[in-house]
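Sequential numbering from 9 applies to the sequence shown in this note's numbering. From the three backbone atoms N, C-alpha and C, an ideal C-beta is built for every residue, glycine too. Here is the structure we will look at.
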Amino acid sequence: MNHAMNRHLADVSARNAVYVLDIDPNMFESLDVTTESSHEIYLTNNASFGGQHSDADIDDGAEETPIGVQILMCLMYMTISLAAIGGNGVVIYIIFAYKRMRTVTNFFIMNLAIGDMLMACICIPFAFVSNLILGYWPFGAIMCLLVSYAQAVSVFISAYTLIAISIDRYIAIIYPLRPRMTKLQSKLIIIIVWIVALLTPLPTALLSRLNPLPQDPNATTTIDSIDNQPVLYQCTENWPREDYRYYYSMLLMILQYAFPFSVLIFTYSRIAIVVWGKRPPGEAEDARDARMAASKRKN
């Protein structure tokens, strides 16, 4: 009964206090929370830098990720980042350096490469360190805002550039006699893509904050330090209401995934049907010659 009462008092104090400064060590004994266990919670590799952080993510006594898994993940992330930066950098350089490469399609490909480099340079390294190595966000409030925003922007750039490429290919193949998209039109489309990509994730930038990791899954009291150990933070979005978070997440799901996916399915399926349904020129001539020969034999 005393244990349940202590839990109730801890929850009441958590709802009415944000920071507790002068801490009596005996208080943690009564709450069954030790400084060592709290430190272990901080170092679990389950915290998310950009969003949802549940009680399951900070399970008391959870083991750290094995060192072998960390090394493997580190090598994979480094390989992906270097390949993305190097490969996309070469694409951007070639299109800029050689005038004959500045075509409509290549402009879209260059824009896609810029979005991929943004993800590889800003998002992947910080997400890897915070999520898989440390388990908390050590880079400060400014980088929290910047990385969260850049991640959303890069996804929009990639998704809508792929839409532009698919529509350009669709018009060229389905309507071959229509005028092709001009370079000026492609540049205007790229500008529109960037405007949409920069404006739509603005709530992510405005609401991204550093929130202290809770010391105990059963209490939300935030403590400045325990045995001179600093408070560790996670980078999350602070929404005034959970339904706002839900509606915005659904909007992003539609704009970043459902809509681009639907457009790509439609355009490339139509392209595939048209291409597979057409006979090659040589095959069409052979069929025509066979019909003419059969007609002559009848005569």
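Ranked by Cα distance from M81, the first of I132, L120, M125, I197 is I132. Annotation: the continuous beta strand (DSSP E) that includes Y241 extends over 241-245. When the beta-carbon positions are compared, R253 and I182 stay at least 8 Å from each other. Counting along the chain, no alpha helix (DSSP H) covers L221, and no H or E run does either. With a 10 Å radius around the Cβ and a threshold of 16 neighbouring Cβ atoms, I150 comes out exposed.
For L218, the CB contacts under 7 Å within the same chain, skipping 5 residues up- and downstream, are W145, A149, C152, Y241, C243 in chain order. Residue V204 holds the alpha-carbon nearest to the alpha-carbon of I165 among W247, D251, L214, V204. Rounded to whole angstroms, I273 and S194 show a C-alpha spacing of 22 Å. Membership of L215 in the alpha helix (DSSP H) is indicated by the continuous run 210-215. Sixteen is the threshold: since fewer than 16 other Cβ atoms of the shown chains lie within 10 Å of the Cβ of E250, the residue is exposed. Take the alpha-carbon of Y101 and the one of L192: they are about 20 Å apart.
The C-alpha of M125 lies about 29 Å from the C-alpha of I75.
Scanning its chain for C-beta atoms nearer than 7 Å, with the 5 sequence neighbours on each side dropped, one finds around G123 the residues S162, I165, S166, T169, in chain order. By the criterion of a C-beta distance shorter than 7 Å, I117 is surrounded in its chain by V99, once the five residues flanking it on both sides are discounted. For A158, the enclosing alpha helix (DSSP H) starts and ends at 148-182.
Sequence-distant Cβ neighbours of I197 in its own chain, meaning closer than 6 Å and more than five residues away, are A172. Using a 10 angstroms sphere on the CB of T275, the tally of other CB atoms reaches 16 or more, which defines it as buried.
In this structure, I175 sits away from R186, with a CB-CB distance that is not shorter than 8 Å. If you look at V282, you'll find it in the alpha helix (DSSP H) that goes 267-285.
Secondary structure of W145 (DSSP, three-state): coil. A straight line joining the alpha-carbon of M109 with that of A301 spans about 47 Å. DSSP places Y254 inside the alpha helix (DSSP H), whose first and last residues are 250-261. The closest CA to that of S216, considering only V155, I199, L206, P222, is found on V155. A distance below 6 Å between beta-carbons, with the five flanking residues on each side excluded, links A92 to the following residues of its chain, in chain order: D124, A128.
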